[in-house]
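Shown next, in structure tokens, is the structure this report addresses.
There are 2 protein chains.
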Amino acid sequence: MHFTELIKTIKDRREALQVTQEGLAAISGVGLRTLKQFESGKGNPTLLTLQKISEVLGMELCLKIKNISPTK
Amino acid sequence: MHFTELIKTIKDRREALQVTQEGLAAISGVGLRTLKQFESGKGNPTLLTLQKISEVLGMELCLKIKNISPTK
DNA sequence: TGAAATAATGCTTTATAATGCACTTTACAG
DNA sequence: CTGTAAAGTGCATTATAAAGCATTATTTCA
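Residue numbers (the working numbering), protein chains in the order written: chain D, 372 to 443; chain L, 372 to 443.
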């Protein structure tokens, strides 16, 4: 999953849950500035930041072996 | 996927491919010190670092909605 | 429209990730 | 054992993530 997709996934999820950036920042413990920077595609969040955000959005990070050309 | 699992996944994968930390550092472009720190559970890598490592290990990060108590 | 809410951005400070180098510790083959 | 390779650690430097605040831009809706 590419950087951009990751951002989109989080942003979409946040919006689906009807939470504002401000709200998400508050409940996740991530600074609002950091969140904004992330969602607007700037910056390079740390794993911790990603986890905090994912957590409160009911999502989780995973790491799996790429399928090598599965009739893609 | 928790921090610890993530580390283990990467470490296992690296070993399965019989690559040393030094080798992985070289091909991924991530500094050896950074890699060591990461694999030994210290530190909080950035998304970029994670992606670089995953990439050369033939893995990918993904983010998905957690299953709410699926007869876990 | 225009006002209110939400999101984006510039500037700044502080904390820490990324890195290299040298050294220590572990693991393992012989 | 002992030498060698791989992994871990201390120290120092540089780059940058995290954060807050103030301001500007966008979106939304009555």
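Even glycine gets a Cβ: it sits at the ideal position worked out from N, Cα and C.
Report all residues from its chain with a CB closer than 6 Å to the CB of residue i; omit the five preceding and five following residues, and keep chain order.
i, result
"Phe409 (chain D)", "Pro416"
"Ile398 (chain D)", "Val427"
Counting only the same chain and skipping the five closest in sequence on each side, list residues whose C-beta sits under 7 Å from that of residue i.
i, result
"Arg385 (chain L)", "Leu395 and Leu428"
"Gly414 (chain D)", "Gln408"
"Ile436 (chain L)", "none"
"Val390 (chain L)", "none"
I'd like to confirm the pairing. Which residues does DSSP put opposite residue i in its beta bridges?
i, result
"Thr417 (chain D)", "L:Thr417"
Using only CA atoms, which one of the options lies nearest to residue i?
i, options, result
"Ile381 (chain D)", "D:Ile439, D:Leu432, D:Gly400 and D:Asn438", "D:Leu432"
"Asn438 (chain L)", "D:Glu426, D:Asn438 and D:Lys435", "D:Glu426"
"Leu388 (chain D)", "D:Met430, D:Gly400, D:Leu377 and D:Gly414", "D:Met430"
"His373 (chain L)", "L:Ala397, L:Gly412 and L:Ser399", "L:Gly412"
"Val401 (chain D)", "D:Ile424, D:Ile436 and D:Thr375", "D:Ile424"
On the premise that residue j lies in contact with residue i, defined as a C-beta separation below 8 Å, what is that separation, rounded to the nearest angstrom?
i, j, result
"Leu418 (chain D)", "Leu421 (chain L)", "6 Å"
"Leu377 (chain D)", "Leu434 (chain L)", "6 Å"
In chain order, what residues of the same chain lie with their CB nearer than 8 Å to the CB of residue i, ignoring the 5 residues before and after it?
i, result
"Gln392 (chain L)", "Arg385, Leu403, Leu406, Lys407 and Glu410"
"Thr375 (chain D)", "Gly412"
"Lys379 (chain D)", "none"
"Asp383 (chain L)", "none"
- prompt: If you scan the segment 386-437 of chain D from start to end, which runs of the beta strand (DSSP E) of 3 or more residues do you find wholly inside it?
  reply: 430-436
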